[in-house]
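Protein sequence lines, in the order shown, are assigned to chains A and B.
Every letter in the first sequence is one number past the one before it in the working numbering, and letter 81, counting from 1, is 789.
Every letter in the second sequence is one number past the one before it in the working numbering, and letter 77, counting from 1, is 785.
Each residue gets a CB set at the ideal place from its N, CA and C atoms; glycine is no exception.
Please read these numbers as outputs of a predicted model, since none were measured by experiment.
Below is one structure, written out as structure tokens; the observations come after it.
Number of protein chains: 2
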Amino acid sequence: MARAGLSREVVVAQAAAIADAMGWDRLTLAAIADSLGVKLPSLYKHITSLDGLRRDLAVAATRELAETLAAAAVGRAGPDALAAAANAYRSFAVAHPGRYAATVRAPAPEDAEHREAADAVMRVVFAVLSGYGLAGDDAVDAARALRASLHGFVALECGGGFAMPRAPERSYHRLIEAFDQALLRWPSSSEGG
Amino acid sequence: MARAGLSREVVVAQAAAIADAMGWDRLTLAAIADSLGVKLPSLYKHITSLDGLRRDLAVAATRELAETLAAAAVGRAGPDALAAAANAYRSFAVAHPGRYAATVRAPAPEDAEHREAADAVMRVVFAVLSGYGLAGDDAVDAARALRASLHGFVALECGGGFAMPRAPERSYHRLIEAFDQALLRWPSSSEGG
DNA sequence: CAATGTAGGCTAATGTAATTAGCGTAATGG
DNA sequence: CCATTACGCTAATTACATTAGCCTACATTG
Chain A
709 MARAGLSREV VVAQAAAIAD AMGWDRLTLA AIADSLGVKL PSLYKHITSL
759 DGLRRDLAVA ATRELAETLA AAAVGRAGPD ALAAAANAYR SFAVAHPGRY
809 AATVRAPAPE DAEHREAADA VMRVVFAVLS GYGLAGDDAV DAARALRASL
859 HGFVALECGG GFAMPRAPER SYHRLIEAFD QALLRWPSSS EGG
Chain B
709 MARAGLSREV VVAQAAAIAD AMGWDRLTLA AIADSLGVKL PSLYKHITSL
759 DGLRRDLAVA ATRELAETLA AAAVGRAGPD ALAAAANAYR SFAVAHPGRY
809 AATVRAPAPE DAEHREAADA VMRVVFAVLS GYGLAGDDAV DAARALRASL
859 HGFVALECGG GFAMPRAPER SYHRLIEAFD QALLRWPSSS EGG
């Protein structure tokens, strides 16, 4: 039997492609093995389990998202940075739905590598918010609100949750515009101790 | 064999309980049958398939959510209605995570019953927005932004996505406050044709 | 170059879950 | 009371994840 030249990286990359094509929830080892031209059990020489593979894919996808966001926001500030990052976020989700879904998986508490990848995403978010002069609890609240808004939008959009006949791009643009305005007034909101 | 007194409704209700307890994604016919004290194949006398059951559960849960939101918002208007509905939304998700996840499933295009349930939710949202004088594309954009923000927040929160040591309730309250302010200025945003 | 050890493929077997086929009994309506 | 239907069962099939254990390509080393 000729060697197939697999590795953990190759398997994860193939898993990403299949997750993008078939959906994160329908990712199966059978499909991955098939598309790599090997039998299913062979994968276990490179992964520990399906869940382990999902975690590896989550880490890889989260890093990819962080780099994408950072690349979009670099050299920009304020509303400019916000719009660039938000558009990059949605584009990533639309272009790579499986990988995007993987980024939503929360890191296990003791998983330093995964945490670091998730932190890298949050660093970009906080960098964008710093352009609005936000820090401390203000920034945490704003970061949560921003991530929630963007994630909620793309999750609903990708899930077919927008039934009305209006282009999602328009609504998204409007959302970001409104968020920008909200950030300008953010620090003046009641700061409950 | 004594009859177990099953029905589609009973099976769906049990599925809801199990989805809440184990998670929407880990809902299995085996668990449902077990908890009802019957063998797995017996369920097929009342459901068409696992996916059919998930759809039935989605309809039931979506109706429940619509009623919950309507009950919370009735008799209120403006910021009051917004806060009441938003809090009811998050409470529902936290109290019934499985049912909440079911409500996110988009109706199939030809599924009138499911569509009607989803419309009932949107009617409450539009009713809240009408208190801000919004209609037409303005209202559609605002409705999408609102649903995205709320869904994104509870999805991330329930998924353990908030790592920072700050109470999610605070961040949520802040989000709603900011959204209220955004709605006041909403119609003045650029209305791109 | 030959011996050898390991890495990386394989087949076979197990367990869980969804689904279908077909059997037998409880409930119900003439 | 009998016939029909409703409803639960067992048995079998399929798909998938997982483990055990085999067998060979290939790199290392004498």
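Cα separation between residue i and residue j?
i	j	result
residue 828 of chain B	residue 769 of chain B	12 Å
residue 893 of chain A	residue 885 of chain B	11 Å
residue 787 of chain B	residue 877 of chain B	17 Å
residue 900 of chain B	residue 850 of chain A	Here the model assigns residue 900 of chain B a pLDDT of 46, short of 50, so the residue's position is not dependable and the matter cannot be decided.
residue 864 of chain A	residue 845 of chain A	28 Å
residue 841 of chain A	residue 834 of chain A	10 Å
residue 866 of chain A	residue 763 of chain B	18 Å
residue 724 of chain A	residue 751 of chain A	15 Å
residue 875 of chain A	residue 755 of chain B	37 Å
residue 870 of chain B	residue 713 of chain B	43 Å
residue 888 of chain A	residue 778 of chain A	18 Å
residue 741 of chain B	residue 735 of chain B	11 Å
residue 838 of chain A	residue 715 of chain B	57 Å
residue 883 of chain B	residue 853 of chain A	6 Å
residue 830 of chain A	residue 824 of chain A	10 Å
residue 718 of chain B	residue 744 of chain A	44 Å
residue 785 of chain B	residue 895 of chain B	18 Å
residue 791 of chain A	residue 818 of chain B	36 Å
residue 753 of chain A	residue 746 of chain A	12 Å
residue 761 of chain B	residue 843 of chain B	36 Å
residue 820 of chain B	residue 872 of chain A	15 Å
residue 881 of chain A	residue 757 of chain B	40 Å
residue 799 of chain A	residue 730 of chain A	18 Å
residue 868 of chain B	residue 868 of chain A	24 Å
So is residue i buried or exposed if we call it buried at 16+ other beta carbons inside 10 Å?
i	result
residue 815 of chain A	buried
residue 759 of chain A	exposed
residue 848 of chain B	buried
residue 748 of chain B	exposed
residue 890 of chain A	buried
residue 794 of chain B	buried
residue 879 of chain A	buried
residue 711 of chain A	exposed
residue 826 of chain B	buried
residue 722 of chain B	buried
residue 728 of chain B	buried
Do residue i and residue j have their C-beta atoms closer together than 7 Å?
i	j	result
residue 806 of chain B	residue 732 of chain B	yes
residue 804 of chain B	residue 767 of chain B	no
residue 781 of chain A	residue 836 of chain A	yes
residue 738 of chain B	residue 726 of chain B	no
residue 796 of chain B	residue 776 of chain B	yes
residue 765 of chain A	residue 720 of chain A	yes
Just to confirm, does residue i get its C-beta within under 6 Å of one of the non-hydrogen atoms of the ligand NAD?
i	result
residue 765 of chain B	Inclusion of the ligand NAD in the displayed structure is not the case, the ligand content being empty and no account of it being possible.
Can you find at least 3 beta carbon pairs, one from the stretch 763-777 of chain B and one from the stretch 810-818 of chain B, that sit closer than 8 Å? Pairwise C-beta distances place the stretch 763-777 of chain B in contact with the stretch 810-818 of chain B, as three or more of them are shorter than 8 Å.
Validate contact between the stretch 845-862 of chain A and the stretch 853-867 of chain B using beta carbons, cut 8 Å, 3 pairs: Taking a cut-off of 8 Å on C-beta distances, the stretch 845-862 of chain A touches the stretch 853-867 of chain B, as three or more cross pairs fall below it.
Residues of the stretch 877-896 of chain B with Cβ closer than 9 Å to any Cβ of chain A, in chain order: Listed by position, the residues of the stretch 877-896 of chain B near chain A (Cβ gap below 9 Å) are 878, 879, 880, 881, 882, 883, 885, 886, 887, 889, 890, 891, 893 and 894.
Proximal residues, the stretch 856-874 of chain A versus chain B, C-beta separation under 8 Å: Those would be 856, 857, 858, 859, 860, 861, 863, 864, 867, 868, 869, 870, 871, 872 and 874, in chain order.
For the stretch 825-838 of chain B, which residues have a beta carbon sitting closer than 9 Å to at least one beta carbon of chain A? Of all residues in the stretch 825-838 of chain B, the ones placed with a Cβ closer than 9 Å to any Cβ belonging to chain A are 826, 827 and 830, in chain order.
Where the stretch 754-771 of chain B meets chain A: residues whose CB sits under 8 Å from a CB there: Taking 8 Å as the Cβ-Cβ cut-off against chain A, none of the residues of the stretch 754-771 of chain B qualify.
Select from the stretch 842-854 of chain A all residues with a C-beta closer than 9 Å to any C-beta belonging to chain B, and list them in chain order. For the stretch 842-854 of chain A, which is checked against every Cβ of chain B, the residues closer than 9 Å are 845, 846, 848, 849, 850, 851, 852 and 853.
Residues within the stretch 783-816 of chain B neighbouring chain A, beta-carbon criterion of under 7 Å: Considering only beta carbons, the part of the stretch 783-816 of chain B lying closer than 7 Å to chain A consists of 812 and 814, in chain order.
Cβ-based contacts, 8 Å cut-off: residues of the stretch 719-733 of chain A near chain B: Listed in chain order, the positions of the stretch 719-733 of chain A with a beta carbon within less than 8 Å of a beta carbon of chain B are 733.
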